[in-house]
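Colleague: One structure follows; several queries about it will come next.
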Amino acid sequence: MKKHNNFQTQLIHAPRKAPQFIETVQPPLFRASTIIFKSTSHLFDRHWTD
Numbered sequence: 019m020k021k022h023n024n025f026q027t028q029l030i031h032a033p034r035k036a037p038q039f040i041e042t043v044q045p046p047l048f049r050a051s052t053i054i055f056k057s058t059s060h061l062f063d064r065h066w067t068d
């Protein structure tokens, strides 16, 4: 593996590893919306500018 001499690169690729027993408290959030259509033709006929 190439040695990282750049200080910013060293910060990103720090040698310290997090302990294996640490878990996240809650799952990450993803910004999304659920849109349900009666059929695919309704989906493709929709004008997405309204």
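Its first residue numbered 19, the sequence shown is counted upward by one per residue in the working numbering.
Cβ coordinates follow ideal geometry from the N, Cα and C atoms, glycine included.
Since the structure is predicted, the reported quantities are computational estimates derived from the model, not experimental observations.
#1: Which residues mark the beginning and the end of the alpha helix (DSSP H) in which S59 is found?
#2: At a Cβ threshold of 8 angstroms, is F39 touching chain B?
#3: So Q44 is in the alpha helix (DSSP H); what residue range does that whole segment cover?
#4: Grouping DSSP H, G and I as helix and E and B as strand, with all else coil, what is T52?
Modeller: According to the structure data:
#1: Position 41 of the sequence shown, counted from the start, is the residue given in the question as residue 59. Per DSSP, S59 belongs to the alpha helix (DSSP H) from 58 to 63.
#2: Included in the structure is just one protein chain, with no chain B present.
#3: Your numbering for residue 44 matches position 26 in the sequence shown. Counting along the chain, Q44 sits inside no alpha helix (DSSP H), nor does DSSP assign it H or E at all.
#4: Taking the first residue of the sequence shown as position 1, residue 52 is located at position 34. Looking at T52 - three-state DSSP - the assignment turns out to be coil, as it is neither helix nor strand.
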